[in-house]
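In my numbering, the protein residues as written are 4 to 69. Written below as structure tokens is the structure these notes are about.
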């Protein structure tokens, strides 16, 4: 498991916003989204729910556990 992906996930979980996490980490939003997808693929589960029309995300039960 890539620790950088975990670091990115923790920032997303803390801020509940992918764009804000990207800014905080000095990364692009697309990079942060891609790294989140890589972590979800590796764990075979969704960690967040992207709410359409709303910037904030919601953590899934698996995301809360992580």
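Idealized CB from N, CA, C, for every residue including glycine.
Original post:
Expressed to the nearest angstrom, what Euclidean distance is found between the alpha-carbon atoms of residue 66 and residue 39?
Top reply: Your numbering for residue 66 matches position 63 in the chain shown. Your numbering for residue 39 matches position 36 in the chain shown. Each residue's alpha carbon lies about 11 Å from the other.
Original post:
Under 8 Å between the Cβ atoms of residue 63 and residue 52?
Top reply: Along the chain shown, read from residue 1 onward, the residue named residue 63 stands at position 60. Along the chain shown, read from residue 1 onward, the residue named residue 52 stands at position 49. Yes; because the gap between Cβ atoms is below 8 Å, this pair is in contact.
Subject >> Outcome for residue 14 when other beta-carbon atoms lying within 10 angstroms are tallied against a minimum of 16 >> reply: Numbered from 1 along the chain shown, position 11 holds the residue referred to as residue 14. Classification of residue 14: buried, given that the 10 Å Cβ count is 16 or more.
**OP:** Taking the CB atoms as reference points, tell me whether residue 27 and residue 18 lie closer together than 8 Å.
**Re:** Within the chain shown, numbered from 1, the residue matching residue 27 stands at position 24. Within the chain shown, numbered from 1, the residue matching residue 18 stands at position 15. In contact: residue 27 and residue 18 (Cβ atoms closer than 8 Å).
Original post:
Helix, strand or coil: how does DSSP classify residue 37 here?
Top reply: Within the chain shown, numbered from 1, the residue matching residue 37 stands at position 34. Helix.
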